[in-house]
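*Asks:* I'd like to ask some things about the structure below.
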Amino acid sequence: MALGGTIRGKTTTLRLPTDADLETYNDWMADMRVRRAHRVWNEPAMPATWKERLKATAKEKMDVLWSIDVGGRLVGFATGSFWSPTEPGFTVRQFVIAPDDWRKGFGFDAALALHRYLFDYLDLRRAGVEIRADNVAGLRIADRLGYVEYARGHEVYYRDGAYVDDVQLFMGIDAWRERWGATEREYAPLPADATR
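In the numbering used here, the protein residues as written are 1405 to 1600.
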């Protein structure tokens, strides 16, 4: 898993994870509010075990991990995978904001900064994400960004005596530029004759 560098939003910063972050990751993965909203990334274990997992996954060259900070305080993390050198896209695997920091706008700010990085800085062509159908906040962020549903797994997850769907979402670079190109450019677009 590559470590993603630094991406700055208006209130959040996506940054390289540190060993000190791992115990908090572990706490979040054990929190039933997080477990209900997301797939669990590395079941809770002792922080020493998380260090070993982090070292092992750091060798995965197509994966990436960021910690999400607000004012130097850890509030979440994001993981994802690049598709391949010949298919320029990215799948968001985990996007976790600490339950005590929900409804403060940190999730959207970090997601917007991440997608600006993916589409404008890296010039990727598409991005995808899977979200549980009852994760209202996650679906709201994806909709605001410009994702559209392309597939749905019916009754994929079972909990609280009922089944929940899995929603698969997609966003292409054209949709990103149409919605965010005027306000969220990392760099000014190149003139049409710049590549000749």
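Think of the CB as a built atom: it goes at the ideal place given N, C-alpha and C, for glycine as much as any other residue. Quick caveat: nothing in here was measured; it's all calculated off a predicted structure.
Look at the alpha carbon of aspartate 1423 and the alpha carbon of aspartate 1467, and state the distance between them as a whole number of angstroms.
*Replies:* C-alpha separation (whole angstroms): 18 Å.
*Asks:* Report the residue from Gly1409, Gly1476, Ala1482 and Asp1425 whose alpha carbon sits nearest the alpha carbon of lysine 1455.
*Replies:* Comparing Cα-Cα distances from lysine 1455 to each of Gly1409, Gly1476, Ala1482 and Asp1425, the minimum goes to Asp1425.
*Asks:* Assuming serine 1471 contacts proline 1421 under a Cβ cut-off of 8 Å, what Cβ separation, rounded to an integer in Å, is found between them?
*Replies:* Sure, about 4 Å apart at Cβ, within 8 Å.
*Asks:* Which residues in the same chain have their Cβ closer than 7 Å to the Cβ of tryptophan 1580, if we skip the five residues on either side of it in sequence?
*Replies:* So the list reads His1519, Phe1523 and Gly1550, once near-sequence residues are dropped.
*Asks:* In the DSSP assignment, what are the bridge partners of aspartate 1570?
*Replies:* In the DSSP output, where bridge partners are listed per residue, aspartate 1570 has Arg1536 and Gly1557.
*Asks:* Where tryptophan 1487 and phenylalanine 1574 are concerned, what is the direct C-alpha to C-alpha distance, given to the nearest angstrom?
*Replies:* Taking the straight line joining both Cα atoms gives about 13 Å.
*Asks:* DSSP three-state label for tryptophan 1506, please.
*Replies:* Tryptophan 1506 falls in the coil class under three-state DSSP.
*Asks:* If you check the beta carbons only, do aspartate 1504 and threonine 1417 fall under 8 Å apart?
*Replies:* The answer is no: Cβ separation not under 8 Å.
*Asks:* Does the Cβ of arginine 1536 have 16 or more other Cβ atoms within 10 Å, making it buried, or fewer, making it exposed?
*Replies:* By the 10 Å Cβ count, arginine 1536 comes out buried.
*Asks:* Between the Cα of leucine 1458 and those of Leu1543, Thr1483, Arg1440 and Ala1434, spot the shortest distance and give me the residue it belongs to.
*Replies:* The residue with the shortest Cα to Cα distance from leucine 1458 is Thr1483.
*Asks:* Can you name, in chain order, every residue of its own chain whose Cβ lies under 6 Å from the Cβ of tyrosine 1521, other than the five neighbours on each side?
*Replies:* Result list for tyrosine 1521: Ile1411, in chain order.
*Asks:* Let's see if you can read the secondary structure: which residues bound the alpha helix (DSSP H) around glutamate 1582?
*Replies:* Residues 1577-1584.
*Asks:* What does DSSP give as the partner residues of leucine 1418 in its beta bridges?
*Replies:* Ile1411 and Ile1472.
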